[in-house]
Structures are given as C-alpha cells and as structure tokens.
Amino acid sequence: MSDINILAIESSCDETSAAVIQNGKVLSNHIATQKVHERFGGVVPEMASRAHIQNIIPVVEAAIADSGVNKHDMTAVAFTQAPGLIGSLMVGACFAKSFAQASNIPLIAVHHMQAHVLAHFIEQKPEFPFLCLTVSGGHTQIVLCRDYLDMEVLGETMDDAAGEAFDKVAKMLGLPYPGGPLIDKYAALGDPLRFKFPTNEMKDYTFSFSGIKTSVLYFLQKERKNNPDFAEQNLNDICASVQYTIIKVLMTKLKKAATELNIKHVGIAGGVSANSGLRNALKQEGEKSGWQVYIPKFEYCTDNAAMIGITGYHKYLKEEFADMDITPSARASWS
Ligand code: KG4
Ligand code: ZN
5 MSDINILAIE SSCDETSAAV IQNGKVLSNH IATQKVHERF GGVVPEMASR AHIQNIIPVV
65 EAAIADSGVN KHDMTAVAFT QAPGLIGSLM VGACFAKSFA QASNIPLIAV HHMQAHVLAH
125 FIEQKPEFPF LCLTVSGGHT QIVLCRDYLD MEVLGETMDD AAGEAFDKVA KMLGLPYPGG
185 PLIDKYAALG DPLRFKFPTN EMKDYTFSFS GIKTSVLYFL QKERKNNPDF AEQNLNDICA
245 SVQYTIIKVL MTKLKKAATE LNIKHVGIAG GVSANSGLRN ALKQEGEKSG WQVYIPKFEY
305 CTDNAAMIGI TGYHKYLKEE FADMDITPSA RASWS
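Note that the sequence shown ends on residue 339 in the numbering used here; no numbers are left out.
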C-alpha cells in the first residue's frame with residue numbers, strides 16, 4: 005500500500021505552522037511564532053493576518069523539505085477551518101485549497117479544538133474512553149473522547165479562558181504578551197499560598213475565570229495605593245498564588261468529571277498544558293486517583309500543525325473530505 009502523506013496547515017491565531025504526517029507519524033513540524041504582538045499586550049488580528057501571509061510559503065517549504073517527501077507525493081491537505089481569527093484562518097484556508105486544487109488531492113477541514121485533543125495521539129496512544137482538559141488562550145473545555153473523531157464537550161468556560169486569565173493577569177503585572185509562560189516561570193520561585201483569590205463556584209463542568217481576573221485587578225489597585233512598587237516587589241508570590249488558584253479550579257472540575265464518568269485515562273492539552281504547575285498537579289492527581297495521565301510534548305501543547313495533521317490523517321481514513329467552497333469560521337460549533 006502506498007504511504008498516506010498529509011500536508012497540514014495551522015493559522016488560527018498567531019502561529020503559522022506546517023507539518024507533514026506520513027501514515028499517522030510526524031515527519032516534520034515547523035512553527036513561525038509572530039513576535040509582532042508582544043508590545044501590544046495581545047494579538048492584533050490584522051497584523052496576525054499579514055504575518056501569516058508572509059510566513060506561510062517559507063514555513064510550508066521548510067516543512068516539506070524537512071520531511072523528505074516530495075511535494076508531488078502529498079495524499080491530502082488538512083487545514084484549520086475553525087475556530088480562530090477569521091483573517092488568520094483565511095490565509096491557511098486559501099493556501100490549503102490552492103495546494104489541493106493544484107495537486108488534485110483531497111482537502112480536509114479540521115476543528116482546532118479537536119486537534120488539540122488528538123495531539124495526544126502523536127506520540128502516545130491513550131485508551132478510550134479518554135478524558136481531556138483542553139486549556140488554551142481562547143478555550144477551556146473538558147472533552148470526553150470515545151474514539152478519534154467521536155468527542156463530546158462536557159463543559160467549558162462561560163467567560164474567559166484559562167490562558168486568557170493568565171495573559172490578562174500578566175498584563176496587569178506589566179509583563180509582555182503572552183504572559184502565561186512568564187507567570188509559570190516566576191511562580192516557580194514564589195509562595196502559592198501567600199495571597200488568596202476567590203473563585204466562582206460553577207455548576208456541572210462549567211468554568212469561570214473572570215472573577216479571578218477581577219479580584220487580582222482590585223487587589224493590585226489597593227496594594228499599589230500604599231506601595232506603587234508592590235507588584236514588582238512581590239512578583240513571584242503573586243504569580244504563584246494566581247497560578248495556584250487557576251490550577252485548583254481546573255483540577256477540581258477535571259477530577260469531578262473523571263470520578264463521575266469513572267474514566268482512568270486522563271490528559272491535558274492546549275497552550276496552558278505547557279504550564280509546569282498544571283503538569284505537576286495532573287501527575288500528582290493521577291498517582292492519587294489511579295489515573296493513567298497523558299501530557300503532550302511541549303511543541304504539541306501550543307498551536308502547531310502536527311496536531312492538525314494527525315486529525316487530518318484520521319479524517320482521511322474515514323474519507324471525511326471538504327468541498328472546495330468550504331469557508332473558515334471564527335466560531336464554528338463543535339462537530
Ligand atoms: O493553544 P494555544 O497555543 O493557542 C490558542 O489556541 O489559544 O494557547 C496559548 C495560550 C496563551 O494564553 C499562553 O499564555 C498560554 O497558552 N500558555 C501558558 C504557558 N504556555 C502557554 N500558560 C501558562 N503557563 C505556560 N507555561
Ligand atoms: Zn490552540
């Protein structure tokens with residue numbers, strides 16, 4: 005049987021990425037991170053679209069060259085169709101469609117959040133049913149995964165995503181975007197129990213992070229009145245306390261879902277799964293509760309095309325192809 009080579013494209017936010025996947029194995033995965041947003045404290049959509057246009061061809065060329073597969077030997081093209089920034093998605097969609105049409109090969113539309121879950125299957129093979137906490141800059145979801153393409157969102161955030169909470173608190177502390185990795189770094193040096201921040205008690209598997217964000221804002225305003233350098237002088241302890249609070253909220257819901265559904269195969273995915281505190285919390289809970297835990301390799305936690313490719317591969321096996329008139333969608337519902 006001939007090889008199944010999937011060229012995968014990810015461009016939903018501020019990472020332009022391309023990967024080549026052969027028979028479900030990642031041969032190459034190139035990611036161009038856009039530095040242009042750092043000084044604005046968040047992603048500027050129009051600048052992201054322009055950067056994708058500049059990056060897409062060099063990134064795809066690098067991924068193909070690195071894979072050792074001839075571009076004429078691609079079997080299908082997978083791309084992120086939703087959700088994300090519409091202008092950014094359009095760049096990846098246009099490129100993928102053009103490549104598919106020029107090569108006369110099938111086009112595969114991938115849901116970004118489904119791909120974050122399937123990032124687990126790049127190097128490991130979690131058993132089904134598998135429970136995944138997907139935590140990124142735009143989403144926070146608990147997903148029940150019955151099979152590769154059979155997933156159900158059990159609960160999600162009703163306001164901010166966990167990554168957004170990290171980034172917004174970092175901004176209040178004067179740290180550049182994205183602040184999540186910096187909070188992680190300073191938190192490792194601080195006392196997580198020094199400051200207490202209240203959390204909203206939500207029912208079922210629903211999350212809320214806007215309360216934490218607001219309480220940190222008021223706390224900093226109050227402390228800065230007495231001491232303008234309060235945040236700088238207590239940075240490690242503030243970061244550790246905020247991170248501790250966010251992780252507590254995430255782990256409480258994940259544990260509730262795993263217990264109620266009696267699932268023993270549990271993982272975390274998405275950008276925030278790169279957080280060392282969350283990774284440790286999952287490992288500790290796994291030992292306590294007898295879970296087999298799964299954490300993707302660092303480069304597969306944040307946005308990357310390898311996860312789009314692995315999802316594309318499973319869709320290819322089921323012949324789930326997209327029509328050429330498919331359009332990207334900023335907010336597509338889970339399917
Ligand atoms: O999945 P992702 O790369 O993009 C989206 O789909 O949103 O996630 C990006 C988010 C950002 O909010 C970033 O601050 C957060 O992941 N993040 C982290 C860490 N690394 C990335 N948050 C906390 N600790 C980290 N080490
Ligand atoms: Zn993502």
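Backbone N, C-alpha and C define an ideal beta-carbon position, used for all residues, glycine too.
For K29, the enclosing beta strand (DSSP E) stretches over residues 29–37.
Beta-bridge pairing by DSSP links D154 to D151.
Of the candidates P110, A104, H115, H115 places its Cα closest to the Cα of A336. Sorted by position in the chain, S140, D307 make up the residues whose C-beta lies under 5 angstroms from a heavy atom of ligand 2. The secondary-structure analysis by DSSP pairs G271 across a beta bridge with C136, Y298.
In this structure, P180 and E42 form a Cβ contact; the two beta carbons are roughly 5 angstroms apart against a cut-off of 8 angstroms. By the Cβ rule, the region 70–82 counts as touching the region 102–112, because three or more pairs are nearer than 8 angstroms. By the Cβ rule, the region 29–38 counts as touching the region 303–320, because three or more pairs are nearer than 8 angstroms.
With a minimum length of 3 residues, the unbroken runs of beta strand (DSSP E) contained wholly in the region 153–192 fall at 154–160. Within the region 82–147, the runs of alpha helix (DSSP H) at least 4 residues long that lie entirely inside it are, in chain order, 90–107, 116–122.
Taking 8 angstroms as the cut-off, the beta carbon of Q247 is found closer than this to the beta carbon of G281. Within a 10 Å sphere around the beta-carbon of P300 sit 16 or more other beta-carbons, which makes this residue buried. Taking C149 as reference, the option from I61, V297, P133, N204 with the minimal CA-CA separation is P133. Put simply, the backbone Cα of A69 is about 14 angstroms away from that of S21.
The closest CA to that of Q145, considering only G194, G183, Y209, E291, is found on Y209. According to the DSSP assignment, T210 belongs to no alpha helix (DSSP H), since it is labelled neither H nor E. For S92, the CB contacts under 8 angstroms within the same chain, skipping 5 residues up- and downstream, are S15, S16, C17, D18, P49, A52, S53, H56 in chain order.
Excluding residues up to 5 positions away in sequence, F132 lie with their Cβ nearer than 8 angstroms to the Cβ of D151 in the same chain. A distance below 6 angstroms between beta-carbons, with the five flanking residues on each side excluded, links P196 to the following residues of its chain, in chain order: A244, S245, Y248. Around the beta carbon of N231, a 10 Å sphere encloses fewer than 16 other beta carbons of the protein chains shown; the residue is thus reported as exposed.
The beta carbon of K319 sits closer than 6 angstroms to those of I112, all from its chain and outside the five residues before and after it, given in chain order. Here V147 is not near V173, since their CB atoms are 8 angstroms or more apart.
Listed in chain order, the non-local C-beta contacts of L258 below 6 angstroms within the same chain comprise L137, local neighbours out to five positions each way being set aside. Collapsing the DSSP output to three states places N74 in coil. Going by beta carbons, Q85 and S293 fall outside the 8 angstroms limit. According to the DSSP assignment, S21 belongs to the beta strand (DSSP E) that extends over 19–26. Here L221 is exposed: its Cβ has fewer than 16 other Cβ atoms, across all protein chains shown, within 10 Å. Judged by beta-carbon spacing, I314 lies within the 8 angstroms limit of I126, meaning their Cβ atoms are closer than that value.
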